[in-house]
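Participant: Mind the numbering: the sequence shown is residues 12 to 362 in the working numbering, read in order.
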Amino acid sequence: MSNTNSNRIRAVITGIAGYVPDYILTNEELSRMVDTTDEWIMSRVGIRERHILKESGKGVSCMAVKAVERLFAKTGTKPEEVDLLVWCGVTGDMPFPATANIISDKLGVKNAFSFDINAGCSSFLFSLVTMAQFIETGRCRKIVLIGAEKLSMYVDYTDRSTCPLFGDGAAAVLIEPTTDNLGLMDSITRTDGSGWKHLFLQAGGSALPASMETVFRRQHYIHQEGQAVFKAAVSKMGDTVLELMEKNNLSPDDISWLVPHQANLRIINATGNRIGLSKEKVMINIEKYGNTSSATVPLCLWDFESQLKKGDNIILTTFGAGFTWGTIYLKWAYDGVRDLSQGLTGGLKIN
Ligand code: UT7
């Protein structure tokens, strides 16, 4: 397919930026907290370290704001130009108001509406599909979508089966319309609600409000049946990637990059192998961030931005609590890093 102009409006990512907190929690430090080893974590999961937001009184919005400030600088966007701002994830600052409202306030985004989306670790993927609707209908022209998590607040650092897995971080994308043959081309999104019982956080919601008892019973921490989630993630991500490839006549050679949710290196490798993709085409950064839920996919795109080219066929795929999973096929819009503050346009035509 060529990047020729058509009348169809598509949603395209025109900039990306991320932020991770300074503190690095290593496997070595974890092995002093619980009965684990760097060898076990690296061989079973593939995580060497994760970033943790340590400062008290700082919620996920603090990281989100830093990522969006960088995004604004890179894309030359002014807060008042944004017409929709969405934060997606599972670790909001408060039950309400929406974290997106708090982020908008801190950034001076005043001409927009803003709200949150929660679809577990598929939050970013589901949100990108949802944001594309606002662009394709002409309702919005500049959308900021943020995947950010402070998962450390939900991690039980006495439970070795979950505490090595999760980290904190944030990444944001700018989404705009284009009539070029670029951007979000197709997607498959799925939910199986019966899977909720394998991955959840029990207390603190309306079903089981916080009490002395819920704290005593450690019900404010992530509960995961790892093997059940592992099996479903491997099969469901691979299924939807293959389905979407077939629907769009894409062979492994046509794909420039696979961007999988970063929960376990073995799941990532199994997905890449299942679709017959060589290792160099799979974005992997789990080793340095761990599982940052809604932030994994945009953090990958941010880390690999310098290697991306206009017209690259990119496949995003995720699996998460819910169960939720899905795959997006998109065509990347620009070459290398786009950072207007450094005079770099990435070859993207500026309006
Ligand atoms: O992001 C949302 C989606 N989440 C995922 O996709 C996560 C999917 N699940 C997984 O990635 C893996 O199931 C885990 C990484 C969570 C666990 O790996 P596993 O290979 O499934 O291990 P397991 O739970 O079957 O445990 C195997 C053994 C057990 O010991 P025994 O019973 O065989 O003696 C565990 O107690 O490993 C033990 N173990 C550990 N040993 C050292 C569990 N955690 C640790 C640890 N260090 N940190």
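Heads up, the beta-carbon is just placed ideally off N, CA and C, and yes, glycines get one too.
1. If you follow the beta strand (DSSP E) that Ile326 is in, where does it begin and where does it stop?
2. Since His272 contacts Phe334 with CB under 8 angstroms, what's their CB separation in whole angstroms?
3. Pull the bridge partners of Thr338 from the DSSP assignment, please.
4. Which same chain residues end up closer than 7 angstroms to Thr251 when comparing Cβ atoms and leaving out the 5 residues on each side of it in sequence?
5. At 3 residues or longer, and completely inside the stretch 258–308: list those beta strand (DSSP E) runs for me, N to C.
6. Helix, strand or coil: how does DSSP classify Ile113 here?
7. Runs of 4 residues minimum, wholly inside the stretch 148–207: which ones carry the alpha helix (DSSP H) assignment?
8. Could you compute how far the alpha carbon of Asn275 sits from the alpha carbon of Asp170?
9. Please report the distance separating the alpha-carbon of Tyr340 from that of Met248.
10. Looking only at its own chain, which residues have a Cβ that is under 8 angstroms from the Cβ of Asn18, when we skip the five neighbours before and after it?
11. Using the C-alpha atoms, what's the distance from Ala183 back to Ser13?
12. Reducing DSSP to helix, strand and coil, say where Trp313 ends up.
13. To the nearest angstrom, how far is it from the Cα of Phe4 to the Cα of Ile186?
14. Pop quiz: Phe126 and Ala143 are said to be a contact at Cβ under 8 angstroms. What is the actual Cβ separation, rounded to whole angstroms?
15. Tell me whether Gly180 counts as near the ligand UT7, meaning its Cβ is closer than 6 angstroms to at least one heavy atom of that ligand.
16. Based on Cα-Cα distance, which residue from Asp197, Thr282, Ile35 lies nearest to Lys258?
17. If you follow the alpha helix (DSSP H) that Trp51 is in, where does it begin and where does it stop?
Facilitator: To lay it out plainly:
1. In the sequence shown, residue 326 corresponds to position 315, counting from 1. Note, Ile326: beta strand (DSSP E), 324–331.
2. Start at 1 with the first residue of the sequence shown, and residue 272 comes out as number 261. Start at 1 with the first residue of the sequence shown, and residue 334 comes out as number 323. Actually they are not in contact, since the Cβ atoms of His272 and Phe334 sit about 12 angstroms apart, beyond 8 angstroms.
3. On the sequence shown, residue 338 is found 327 positions in, with the first residue counted as 1. According to DSSP, Thr338 bridges with Ile199, Thr328.
4. Along the sequence shown, read from residue 1 onward, the residue named residue 251 stands at position 240. Ile199, Arg201, Thr328, Trp336, Gly337, Thr338, listed in sequence order.
5. 268–271
6. Residue 113 sits at position 102 when you count from the first residue of the sequence shown. Ile113: helix per DSSP, three-state reduction.
7. none
8. For the purposes of this step, residue 275 is taken as the residue at position 264 of the sequence shown. For the purposes of this step, residue 170 is taken as the residue at position 159 of the sequence shown. Distance between the alpha carbons of Asn275 and Asp170 is about 18 angstroms.
9. On the sequence shown, position 329 is the one that residue 340 refers to. On the sequence shown, position 237 is the one that residue 248 refers to. Cα to Cα, the separation comes out at about 13 angstroms.
10. For the purposes of this step, residue 18 is taken as the residue at position 7 of the sequence shown. Taken in chain order, the residues that qualify are Thr190.
11. Taking the sequence shown and counting its residues from 1, one reaches residue 13 at position 2. Taking the sequence shown and counting its residues from 1, one reaches residue 183 at position 172. Any reading at Ser13 must be qualified, since the residue scores a pLDDT of 46, below 50, and its modelled position is unreliable; the value itself is stated next. Approximately 28 angstroms between the Cα atoms of the pair.
12. Position 302 of the sequence shown, counted from the start, is the residue given in the question as residue 313. Trp313 falls in the helix class under three-state DSSP.
13. For the chain, the structure presents residues 12 to 362; residue 4 sits outside this window and is missing.
14. By one-based count along the sequence shown, residue 126 stands at place 115. By one-based count along the sequence shown, residue 143 stands at place 132. With a Cβ gap of about 16 angstroms, Phe126 and Ala143 do not count as contacting.
15. For the purposes of this step, residue 180 is taken as residue 169 along the sequence shown, with counting starting at 1. Because no heavy atom of the ligand UT7 lies under 6 angstroms away, the Cβ of Gly180 does not count as near it: no.
16. The residue you call residue 258 lines up with position 247 of the sequence shown. Checking every option, the nearest Cα to that of Lys258 belongs to Asp197.
17. In the sequence shown, counting from the first residue as 1, residue 51 sits at position 40. Counting along the chain, the alpha helix (DSSP H) containing Trp51 begins and ends at 49–55.
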